[in-house]
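Protein chains in written order, with UniProt numbering: chain A, 1 to 594; chain B, 1 to 594.
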């Protein structure tokens with residue numbers, strides 16, 4: 001897949017059009033940092049009134065016509081020199097890739113060891129880790145007072161000072177997920193003082209989907225604004241799929257290593273061991289996974305707390321650990337070996353996403369004892385992780401009615417020392433399968449306003465099937481709405497400029513600008529054209545709602561024009577103006593096309 | 001259009017299927033009141049486990065296979081005997097229907113007077129009004145301590161006592177919109193102590209649409225759960241379209257009489273007069289319009305307050321009145337003649353929906369001086385209306401960021417003596433044209449939780465074009481989600497039973513029950529079948545998310561089965577059970593289709 005073929009993001013097509021002289025609405029630009037290799041991508045929207053608006057851009061080099069991308073080669077390793085320059089990591093041979101990493105049995109003709117190059121044809125590479133088991137995390141640097149290029153990058157991206165970024169990371173209130181083996185990413189930050197982020201899940205399952213589809217879903221999701229992507233693959237080719245996704249992803253990639261570990265024991269939870277799990281974590285850390293969901297809070301004594309629930313344990317990871325605990329009648333091996341896990345993650349700068357394996361799966365189960373017992377354990381684990389300088393965020397629910405949402409974020413912030421909260425929705429009702437992007441978008445906007453740092457998207461297919469390309473887009477757009485609504489409500493500096501630019505365009509009937517500023521320009525344009533397809537309608541001073549005879553926006557413009565700009569002028573001159581207005585024929589609308 | 005033709009609601013088709021012996025998921029049932037002609041429709045969902053769930057039903061006789069509906073005849077006049085029995089109304093000749101009522105010029109060959117029968121071919125009827133100008137409103141009856149059949153009807157519908165209904169209406173905290181000339185409706189109530197209601201707008205405009213389409217949109221909207229429908233037609237055939245809609249509508253119909261009045265003066269706002277407006281109100285009251293939006297709060301001194309706004313006046317009614325005030329430099333004729341208007345509305349039991357003509361049209365303009373100045377006037381008008389026993393609700397915004405939403409409902413409740421609030425969204429951001437059902441669904445859910453009684457839907461076409469059939473459905477479903485999420489958050493008695501029933505079905509893999517309980521069964525089924533189309537998948541104990549090898553729901557079921565029902569049993573027996581579990585082969589999943 002190069003950016004010449006059919007799956008190229010639409011925006012690149014636009015760029016090509018621009019080169020061909022055709023007017024388009026935006027182009028990729030870069031904000032320069034203090035060093036030549038620090039260039040922060042932005043989306044520059046050009047308005048027809050000559051102004052421009054700069055928007056946050058997650059789409060990666062795919063939308064830069066000057067970068068020749070090729071999924072077989074992978075993205076350029078933007079951060080490689082920054083990592084090497086720190087001098088605290090070393091390359092090493094790495095764990096050999098085994099057939100079972102891809103879900104292939106030893107007896108298969110495809111069996112036998114393979115090296116990384118066989119998995120991915122791109123540039124040869126060896127994995128990297130902290131020398132002498134040292135923590136090479138952004139948290140460790142931030143605590144030492146160092147502002148890394150990654151921190152400067154996100155400061156430019158968020159339009160804040162690098163020192164604010166460093167402080168928030170050092171305090172554990174924000175994470176900058178950036179595995180030393182994933183140099184391709186454009187750094188981003190997750191924390192309540194920054195823009196609310198959105199994660200999109202992809203992943204093949206035992207039922208359907210292929211490697212190409214997953215890479216395509218990843219670029220598609222980031223094209224529409226996904227800030228991170230989780231690869232939740234559970235079927236065949238997990239290792240290889242992940243390698244292709246990582247090498248081509250401009251955003252941090254998250255995983256749930258337990259899913260792959262379970263594949264290695266053929267789906268038998270009770271056969272899981274700490275050794276198999278640990279080996280899987282190292283396998284994924286060497287590939288470059290930036291954050292990992294770890295369900296270490298699902299402890300043996302909490303399992304019975306779920307017995308009287310309406311929907312039991314709905315988290316896949318949570319139920320795997322519960323099954324293991326029950327089968328062995330033993331404390332969770334993740335909980336028992338948590339410190340060793342911290343040492344591993346610290347050596348690659350893998351960020352913890354402490355999973356909420358006991359999250360509620362229905363309105364009836366929200367905020368129950370099982371859920372909050374686990375949350376308290378996550379608070380405990382967060383403190384342990386911080387001792388090892390591992391960046392940590394905390395996952396949250398799930399299904400929660402509106403009046404119980406705030407308690408979730410308030411408790412989480414208190415118990416987990418303000419570590420970033422990363423929630424799935426929450427879904428505010430259970431009665432609308434096929435619309436759970438909306439039932440959850442409502443809860444997501446609210447919990448983000450109250451402090452959640454990242455939202456895990458939900459697609460229309462939730463509870464029903466695997467999302468296709470359209471579902472991924474709908475999920476991302478819905479969650480970008482929730483995130484931006486929260487940015488506005490939090491008074492994030494600059495957030496409202498975007499709304500203001502679109503509202504100005506609306507008031508002034510600049511239709512093309514409205515489309516280009518929209519979260520989804522294509523659909524906005526398509527909907528407009530459905531009712532008023534003619535090209536002149538795009539410059540007409542009315543729309544299909546009221547028609548040309550009377551338009552409320554038009555009247556407001558007339559009021560402003562007739563009566564001057566300021567209120568005082570208006571009040572003083574109103575009687576006089578009124579006479580002139582009447583004398584001029586009381587034209588309150590322009591019958592452009594009657 | 002009879003219920004045999006192609007535009008029949010899907011549910012009736014289902015009923016026909018049932019008659020043919022095919023199993024379906026629900027049927028129309030009735031809850032009997034204290035008199036034989038008082039039968040409240042409900043939707044009875046039959047579950048595969050033998051239980052059933054009763055849901056509120058807005059779809060009218062169209063989904064009753066025993067009622068033979070025909071749009072040329074109209075619906076049976078359910079309330080006619082109740083109205084006659086009260087003995088306080090009289091039939092009279094009524095205002096003649098004039099060509100200009102349908103936007104036809106006097107000089108047109110179609111000119112000349114017509115009678116009601118020419119407008120609508122159904123049963124002949126004369127308009128009815130209160131004798132001797134008496135108030136024949138549900139408010140007047142409630143204040144006198146009378147429980148009308150309409151009140152008993154809504155009490156059964158809401159599962160509360162009739163006395164609660166009477167009290168809420170008497171206190172002005174709820175309205176029961178029911179024009180004496182619209183006997184076809186199934187009574188419903190709008191108030192914060194009751195289920196949150198949803199309004200869907202229909203209406204042709206100068207640009208597009210026909211009479212048949214509008215009737216079809218109305219039945220389609222109520223099929224998916226619209227509690228009231230507003231006919232906002234602005235083009236030709238306004239009168240006739242409205243007549244057809246009213247005669248076929250099982251839900252209250254609202255209008256904005258100012259739109260039609262403006263048509264009568266050929267779109268020239270300054271040519272409007274109190275006489276033309278009043279004549280239009282009487283015309284519509286005689287037809288049976290149940291509630292009317294009246295922008296009497298747009299006063300002359302408030303117009304300059306909008307001059308420095310980003311998007312000025314965005315309400316069509318608001319801008320018409322602002323233009324009139326400016327043209328004449330006079331106080332609004334609606335404000336000046338409000339008491340006379342009250343007398344008219346009281347004689348038909350038309351409910352006021354006091355319009356927010358100065359609502360904000362962008363995030364930037366939310367909660368500004370213009371908006372709240374108008375709100376204070378609406379509070380004043382509400383008190384006047386109550387003196388005349390006119391039922392009254394208050395309209396609200398619009399575009400409001402999340403952190404400014406609560407102030408809207410709190411102020412409205414305070415200023416307007418807890419009169420029902422009826423809000424449009426609010427939209428929580430301006431950046432997502434084509435997704436404004438979602439930007440506004442977020443705000444709608446929140447403001448309804450905090451006390452808004454009815455939500456005016458927004459479709460994906462908002463700001464872009466006229467909604468088609470699919471847009472109407474998407475808008476209604478999105479707003480039913482917002483309304484139900486609010487019912488849950490308010491702890492409305494019985495609201496959670498629906499969620500619980502669906503969650504139980506989900507936990508027990510009863511796929512057909514999940515579909516049938518869903519707000520939109522068709523789309524839920526379609527989405528499921530997209531990934532796992534085979535019939536056996538509808539009874540399989542897994543879904544496409546995890547596949548058959550490992551299913552979290554399955555594990556929870558195993559935990560419950562293996563370890564007994566109660567937590568104490570589980571804690572006591574866990575060690576023992578654990579051994580048995582291991583001995584039994586640790587089966588934590590059933591490989592149904594590997």
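For glycine and all other residues, C-beta sits at the position ideal for the given N, C-alpha and C.
In this structure, DSSP gives residue 399 of chain A an extended state, which the three-state scheme calls strand.
In its chain, beyond the 5 residues on either side, 299, 300, 325 have a beta carbon closer than 8 Å to the beta carbon of residue 331 of chain A.
Residue pairing by DSSP puts residue 41 of chain B in a beta bridge opposite B/30.
By the Cβ test, the segment 411-429 of chain B is in contact with the segment 369-385 of chain B, since at least three Cβ pairs between them sit closer than 8 Å. The Cβ-Cβ distance between residue 180 of chain B and residue 190 of chain B does not fall below 8 Å. Three or more pairs of CB atoms, one per stretch, sit closer than 8 Å, so the segment 278-286 of chain B contacts the segment 335-347 of chain B. Assignment of residue 54 of chain B by DSSP, reduced to helix, strand and coil, places it in the strand class.
For the pair residue 169 of chain B and residue 178 of chain B, the CB atoms are not nearer than the 8 Å cut-off.
Taken in chain order, the whole alpha helix (DSSP H) runs of length 4 or more contained in the segment 280-333 of chain B are 316-328. In this structure residue 291 of chain A is buried. Its beta-carbon is surrounded by 16 or more other beta-carbon atoms within 10 angstroms. According to the DSSP assignment, residue 216 of chain B belongs to the alpha helix (DSSP H) that extends over 211-223.
According to DSSP, residue pairing for residue 130 of chain A in a beta bridge involves A/89. Across the set B/387, B/434, B/494, the C-alpha of B/387 shows the shortest separation from the C-alpha of residue 143 of chain B. A buried status is given to residue 25 of chain B, since no fewer than 16 other beta-carbon atoms sit within 10 Å of its beta-carbon. Residue environment for residue 96 of chain B: exposed (fewer than 16 other C-beta atoms within 10 angstroms of its C-beta).
The count of Cβ pairs closer than 8 Å, one atom from the segment 484-495 of chain A and one from the segment 422-433 of chain B, reaches three, so the stretches are in contact. Taking the C-beta atoms as reference points, residue 136 of chain B is found nearer than 8 Å to residue 89 of chain B. Where residue 200 of chain B is concerned, the enclosing beta strand (DSSP E) starts and stops at 197-202. Apart from the 5 residues on each side of it in sequence, residue 233 of chain B sits with its Cβ closer than 6 Å to the Cβ of 203, 204, 241 in its chain, given in chain order. Ranked by Cα distance from residue 226 of chain A, the first of A/81, A/238, A/254, A/239 is A/254. Contact with chain A is absent for residue 138 of chain B, since none of that chain's Cβ atoms lies less than 8 Å from the residue's Cβ.
Less than 8 Å divides the Cβ of residue 272 of chain A from the Cβ of residue 262 of chain A. For residue 229 of chain B, the enclosing beta strand (DSSP E) stretches over residues 228-231. For residue 253 of chain A, the beta-bridge partners assigned by DSSP are A/229.
Under the Cβ distance rule, residue 402 of chain A counts among the residues neighbouring chain B, one pair being separated by less than 8 Å. Going by beta carbons, residue 435 of chain B and residue 460 of chain B fall inside the 8 Å limit.
CA-CA distance, residue 340 of chain B to residue 312 of chain B, rounds to 30 Å. Not one beta carbon of chain B lies nearer than 8 Å to the beta carbon of residue 277 of chain A. Residues of chain A whose Cβ lies closer than 7 Å to the Cβ of residue 504 of chain B are, in chain order, 310.
Sequence-distant Cβ neighbours of residue 351 of chain A in its own chain, meaning closer than 6 Å and more than five residues away, are 175, 177, 291, 391.
By the Cβ-count criterion, residue 141 of chain B is buried, with 16 or more other Cβ atoms from all chains shown falling within 10 Å of its own Cβ. Taking each of B/199, B/472, B/327 in turn and checking the Cα distance to residue 303 of chain B, the smallest one comes out for B/327.
CA-CA distance, residue 508 of chain B to residue 411 of chain B, rounds to 46 Å. According to the DSSP secondary-structure assignment, residue 46 of chain B is paired through a beta bridge with B/52.
Around the beta carbon of residue 398 of chain A, a 10 Å sphere encloses 16 or more other beta carbons of the protein chains shown; the residue is thus reported as buried.
Inside the segment 385-434 of chain A, DSSP marks whole beta strand (DSSP E) runs of 3 or more residues at positions 392-396, 421-424, from first to last along the chain.
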